[in-house]
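Enquirer: For the sequence shown, this note's numbering puts the final residue at 113, and the numbers step up evenly by one.
One structure, pasted below without further comment.
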Amino acid sequence: MVDLSFLKKFTKDDPKKMKRYISLYLDVAPKTFEEMQSNLNNQDWEQLRINAHSLKPQTDFMGIESLKEELIKIEDAVKANNFGILETLLGNSIKIAKDSQIILKGIISEL
3 MVDLSFLKKF TKDDPKKMKR YISLYLDVAP KTFEEMQSNL NNQDWEQLRI
53 NAHSLKPQTD FMGIESLKEE LIKIEDAVKA NNFGILETLL GNSIKIAKDS
103 QIILKGIISE L
């Protein structure tokens, strides 16, 4: 679920830098998902799309490919005005994010 190959390469395997980037992700991602849930509840589709888009690079850094795929689906659904599937897609994204956060917290404690 989490593949830190890119992050290791990017930080030259520096544990201190890796810890900083992972901590940043763990701080930002949950807040963004809260905003996305609010966007969904308020039917603010464009802001939901923007928030999904903003998380994609961070999921790349953390190597969470399955989450990136779900975020792309959210973006595509908004662009296609297919709002009926957004609740499911966001739910899937939040589940993946929570599962990966547990893994990342474990990695931080090992660094």
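Every residue, glycine too, gets a C-beta built ideally from N, C-alpha and C.
In whole angstroms, what is the alpha-carbon distance linking lysine 97 and lysine 14?
Expert: 30 Å
Enquirer: Count the other C-beta atoms from every protein chain shown that fall within 10 angstroms of the C-beta of threonine 61, then say buried if there are 16 or more, exposed otherwise.
Expert: Per the 10 Å Cβ criterion, buried.
Enquirer: Please confirm whether isoleucine 76 and methionine 38 have their CB atoms less than 9 Å apart.
Expert: yes
Enquirer: Taking C-beta to C-beta, are leucine 50 and leucine 42 nearer than 9 Å?
Expert: yes
Enquirer: Quick one, are the C-beta atoms of isoleucine 105 and methionine 3 less than 9 Å apart?
Expert: yes
Enquirer: What's the C-alpha gap between aspartate 11 and alanine 31?
Expert: Per the sequence shown, the amino acid found at residue 11 is lysine instead of aspartate. One C-alpha to the other measures close to 22 Å.
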